[in-house]
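Chemist: Note that the UniProt record's numbering numbers the sequence shown so that position 141 is 141, with each residue one more than the last.
Just so you know, even glycine gets a beta-carbon here, dropped at the ideal spot from N, CA and C.
Can you read through this structure? Questions will come right after.
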Amino acid sequence: MAAAPPLRDRLSFLHRLPILLKGTSDDDVPCPGYLFEEIAKISHESPGSSQCLLEYLLSRLHSSSGHGKLKVLKILLYLCGHGSSSFLLILKRNSAFIQEAAAFAGPPDPLHGNSLYQKVRAAAQDLGSTLFSDTVLPLAPSQPLGNPP
1 MAAAPPLRDR LSFLHRLPIL LKGTSDDDVP CPGYLFEEIA KISHESPGSS QCLLEYLLSR
61 LHSSSGHGKL KVLKILLYLC GHGSSSFLLI LKRNSAFIQE AAAFAGPPDP LHGNSLYQKV
121 RAAAQDLGST LFSDTVLPLA PSQPLGNPP
């Protein structure tokens, strides 16, 4: 990772931690939609906030359960289209965590089998292909709107 973010950004980020804890919890309750927007706002606050956000999400991706991994991957996928450009740049530099999630496996669940592992692997593959595609963000029109020539 790049140099540590300024203390001001870290302190500001701590105020947003409850949002992130709720959005990346280790249960099977889906992340509420409004939290995706709140998390995207964090990435736009400053480059330091983007770095703190990515550090947090990657630590959750590395250490959480399958449910937590799936939530983090979905948040990262959302941030590919709604996050700041500095966040996306740092994420691309740390794509090894995504590759690890693409190989996520474990013992089958007695009730659900391997479905959670398959969902995590599919989400990681979607994130990887979206992150490194050339069309991550919508393209701006090349000429102003108005009467066509």
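1. From A140 to H15, what does the alpha carbon distance come to, in whole angstroms?
2. Between F132, G106, H62, G113, which lies nearest to K92 when the distance is taken from Cα to Cα?
3. Could you spell out where the alpha helix (DSSP H) holding A101 opens and where it closes?
4. Which residue spans inside the stretch 38-122 form an unbroken alpha helix (DSSP H) run of at least 4?
5. Can you check which of these residues, S85, L79, V72, C52, is closest to L7 by C-alpha distance?
6. Identify which residue in G48, L58, L127 has its Cα closest to the Cα of A3.
7. Starting from P6, trace the alpha helix (DSSP H) both ways and give me its first and last residue.
8. Considering only residues of the same chain and omitting the five flanking positions on each side of F36, which have a CB-CB separation below 6 Å?
9. Whole angstroms is fine: what's the gap from L70's alpha carbon to L20's?
10. What does the alpha-carbon distance come out to for the pair K121 and E55?
Modeler: Let's see:
1. Residue placement at A140 cannot be trusted, given a pLDDT of 36 that sits under 50; the coordinates are not used to answer.
2. Among F132, G106, H62, G113, the Cα nearest to that of K92 belongs to F132.
3. Residues 96-101.
4. Correct list: 47-63, 66-82, 85-93, 96-101.
5. Comparing Cα-Cα distances from L7 to each of S85, L79, V72, C52, the minimum goes to C52.
6. For A3, the closest of G48, L58, L127 by C-alpha to C-alpha distance is G48.
7. Premise fails: P6 is in no alpha helix (DSSP H) and is neither H nor E.
8. The beta carbon of F36 lies closer than 6 Å to those of Y78 in the same chain, with the five residues before and after it left out.
9. Linking L70 to L20 through their CA atoms gives a straight-line distance of about 14 Å.
10. For the record, residue 121 in the displayed sequence is Arg; it is not Lys. One alpha carbon belongs to R121, the other to E55, and they sit about 21 Å apart.
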